[in-house]
Every structure is written in C-alpha cells, then in structure tokens.
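**Q** All residue numbers for the sequence shown refer to our numbering, where the first residue is 44 and numbers rise by one. All C-beta atoms, glycine included, are put in the ideal place defined by N, C-alpha and C. Source: prediction; values computed, not measured. First the structure, which I've put down as structure tokens, then a few questions once you've had a look.
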Amino acid sequence: STNPEVRARAIVKATTHFQDPEIIAEVSKNLGEAMPGLDIKQIPAEELLAPRGW
Numbered sequence: 044s045t046n047p048e049v050r051a052r053a054i055v056k057a058t059t060h061f062q063d064p065e066i067i068a069e070v071s072k073n074l075g076e077a078m079p080g081l082d083i084k085q086i087p088a089e090e091l092l093a094p095r096g097w
C-alpha cells in the first residue's frame, strides 16, 4: 500500500461498521494503489507458515 496507516484505519473502521454501507463507501475512497499479492508458487517452502492446496 502507498499509505499503510490510512489503509489500516479504513479496514478497522469498515470492519467496525460493516453493516453501514455509507461508512464503508466513505473509508474506501482515496486509498491509493491496492496492496500487491504474492504468488504462493514463488515462496520457498521453508518460508511458508502452513502448507496450502492439494
């Protein structure tokens, strides 16, 4: 995230008020780029916290 503190506060507020779509919409504005994901196939086995998949 380009601004992790703002994103974290938005997550907490959205979770707290999960039944209020107006608050969720408001805290979802101007969060910047989404956090990038990781391809699990690219993570070495010794770095995995738990095995996943089949």
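So, do the stretch 76 to 94 and the stretch 53 to 62 have three or more beta carbon pairs nearer to each other than 8 Å?
**A** In the pairwise beta carbon analysis, the stretch 76 to 94 is classified as not touching the stretch 53 to 62: fewer than three pairs are separated by under 8 Å.
**Q** Closest by CA to Glu69, which one among Glu76, Ile54, Ile83?
**A** In the sequence shown, counting from the first residue as 1, residue 69 sits at position 26. Comparing Cα-Cα distances from Glu69 to each of Glu76, Ile54, Ile83, the minimum goes to Ile54.
**Q** DSSP three-state label for Lys72, please.
**A** Sequence index remark: in the sequence shown, residue 72 carries index 29 (1-based). Judged by DSSP in its simplified three-state form, Lys72 adopts coil rather than helix or strand.
**Q** Give the single residue among Pro94, Asp82, Lys72, Leu91 whose Cα lies nearest to the Cα of Asn46.
**A** Start at 1 with the first residue of the sequence shown, and residue 46 comes out as number 3. Of Pro94, Asp82, Lys72, Leu91, the residue nearest in Cα terms is Lys72.
**Q** If you compare alpha carbons, which of Ala93, Leu81, Ala77, Ile83 is closest to Val49?
**A** Residue mapping note: residue 49 aligns to position 6 of the sequence shown, counting from 1. It is Ala77 whose Cα lies nearest to the Cα of Val49.
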